[in-house]
Amino acid sequence: MKKFIISAVVMIILMTANALAANYVGNANSRKFHYADCSMVNKMNPANKVFMNTRDEAINAGYVPCKRCKP
Ligand SMILES: [Zn+2]
């Protein structure tokens with residue numbers, strides 16, 4: 032049980048670190064992606080946010096660049 036809690040905590044830390052390090056944020060609903068600091072990201076439903084580190088990652092996943100921030 033203790034082992035499970037530790038691995039859960041480690042997973043949360045890794046996920047948070049990944050979200051903070053992400054350069055791009057995709058919207059799983061609209062299939063568009065943005066720079067992490069685009070104003071649209073703040074308005075996005077957190078449940079739709081997909082964090083990506085590279086532009087290629089977003090393009091390969093089928094995301095379209097945002098027309099506002101032009102990532
Ligand atoms: Zn944008």
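Take any residue in the sequence shown, count from 1 to its spot, add 31: that is its number in this note's numbering. From the three backbone atoms N, C-alpha and C, an ideal C-beta is built for every residue, glycine too.
Applying the 10 Å Cβ sphere with the 16-neighbour rule, what's the burial state of MET75?
Your numbering for residue 75 matches position 44 in the sequence shown. Burial call: buried.
Which class does MET42 belong to by DSSP, given the choice of helix, strand or coil?
In the sequence shown, the residue the question calls residue 42 occupies position 11. Residue state, collapsed to three classes: helix.
PRO96 by DSSP, collapsed to three states: which one?
In the sequence shown, counting from the first residue as 1, residue 96 sits at position 65. DSSP places PRO96 in strand when its eight states are reduced to three.
Suppose you measure from the CA of MET32 to the CA of ALA39; what does that come to, to the nearest Å?
Mapped onto the sequence shown, residue 32 falls at position 1. Mapped onto the sequence shown, residue 39 falls at position 8. Between MET32 and ALA39, the C-alpha separation is close to 11 Å.
Counting only the same chain and skipping the five closest in sequence on each side, list residues whose C-beta sits under 6 Å from that of ASP87.
Residue numbering aside, residue 87 sits at position 56 when the sequence shown is read from its first letter. Result list for ASP87: empty, nothing under 6 Å.
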